[in-house]
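Each residue of the sequence shown is one higher than the one before, counting from 3 in the numbering used here. Beta carbons are placed, not taken as given, at the ideal position from N, Cα and C, and that holds for glycine. Below: the structure, in structure tokens.
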Amino acid sequence: MNDTTATDSRSGYRLGPLQFADGMSGLNAWTYLYVSLTIMPVISFLSFSQPYVLTEIIGIPAERHGQVTGLLMTIHEVVVLALISFAGGLSDRVGRRPIYAAGTLFTAFGFALYGLAHSIGDLYVGRFVYAIGLALAGVMMAVTAADYPAEQSRGKLA
Numbered sequence: 003m004n005d006t007t008a009t010d011s012r013s014g015y016r017l018g019p020l021q022f023a024d025g026m027s028g029l030n031a032w033t034y035l036y037v038s039l040t041i042m043p044v045i046s047f048l049s050f051s052q053p054y055v056l057t058e059i060i061g062i063p064a065e066r067h068g069q070v071t072g073l074l075m076t077i078h079e080v081v082v083l084a085l086i087s088f089a090g091g092l093s094d095r096v097g098r099r100p101i102y103a104a105g106t107l108f109t110a111f112g113f114a115l116y117g118l119a120h121s122i123g124d125l126y127v128g129r130f131v132y133a134i135g136l137a138l139a140g141v142m143m144a145v146t147a148a149d150y151p152a153e154q155s156r157g158k159l160a
């Protein structure tokens with residue numbers, strides 16, 4: 003057996019046109035794709051559902067939606083910007099799995115708080131918790147998207 007064959011047998015998992023890095027198994031690849039495809043709808047759904055929550059659940063008049071939405075987005079962005087570098091550094095210490103798990107749990111808890119809100123203050127708390135989860139999970143998704151593909155598939159996975 004020559005060196006080329008030995009290298010090929012250790013190469014990463016292949017999924018259609020995607021070649022994963024050495025040491026990445028099919029379970030790694032499918033888990034990453036599953037997490038990516040499940041967390042992204044959760045991230046985008048909040049924006050679509052917000053007008054309904056503001057009008058029908060909280061009872062905020064349409065003319066105040068901009069004011070409330072602006073503050074919600076400010077809270078969200080400040081939390082995400084404050085936690086991004088912290089999440090990356092923490093993942094270097096404890097690993098990606100706990101950060102991914104914590105991010106998913108915070109996102110789910112914030113999403114639940116948001117849906118169960120009865121006041122504007124409840125919305126702010128829900129968005130704060132949701133943003134913590136989004137910062138943690140988002141950083142891990144970006145790092146994983148950079149590490150998992152092999153060089154020839156770089157740019158195809160993200």
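(request) Jot down the residue ranges of each uninterrupted alpha helix (DSSP H) in the segment 16-80, minimum 4 residues, whole runs only, in chain order. (result) 28-54
(message) Let's test the definition: count the other Cβ atoms within 10 Å of the Cβ of Met142 and tell me whether it reaches 16, buried, or not, exposed.
(response) buried
(message) Let me make sure I understand the geometry here. Which of Val37, Phe22, Thr33 has the alpha-carbon closest to that of Thr109?
(response) Val37
(request) Answer yes if the segment 78-87 comes into contact with the segment 20-27, meaning at least three C-beta pairs across the two stretches below 8 Å, and no otherwise. (result) no
(message) In chain order, what are the residue ranges of uninterrupted alpha helix (DSSP H) at least 4 long that sit wholly in the segment 90-139?
(response) 98-117
(message) Could you tell me the alpha carbon to alpha carbon distance between Tyr102 and Ala139, rounded to whole angstroms?
(response) 5 Å
(request) Could you tell me if Ala133 is buried or exposed, where buried requires 16 or more neighbouring beta carbons within 10 angstroms of its beta carbon? (result) buried
(request) Taking the CB atoms as reference points, tell me whether Gln52 and Thr76 lie closer together than 8 Å. (result) no
(message) As a quick exercise: from Ala137, Lys158, Glu153, pick the residue whose alpha carbon is nearest that of Met42.
(response) Ala137
(message) Let's test the definition: count the other Cβ atoms within 10 Å of the Cβ of Pro151 and tell me whether it reaches 16, buried, or not, exposed.
(response) buried
(request) Look at the alpha carbon of Ser155 and the alpha carbon of Gly14, and state the distance between them as a whole number of angstroms. (result) 11 Å
(message) Using the Cβ count rule (16 or more neighbours within 10 Å means buried), how would you classify Thr146?
(response) buried
(request) Whole angstroms is fine: what's the gap from Ala119's alpha carbon to Arg98's? (result) 31 Å
(request) Pull up the distance between the alpha-carbon of Ile59 and that of Val80, whole angstroms please. (result) 26 Å
(request) Measure the alpha-carbon distance for Asp94 versus Pro100 and round it to whole angstroms. (result) 11 Å
(request) Quick one: using the 10 Å Cβ neighbour count with 16 as the cut-off for buried, is Gly112 buried or exposed? (result) buried
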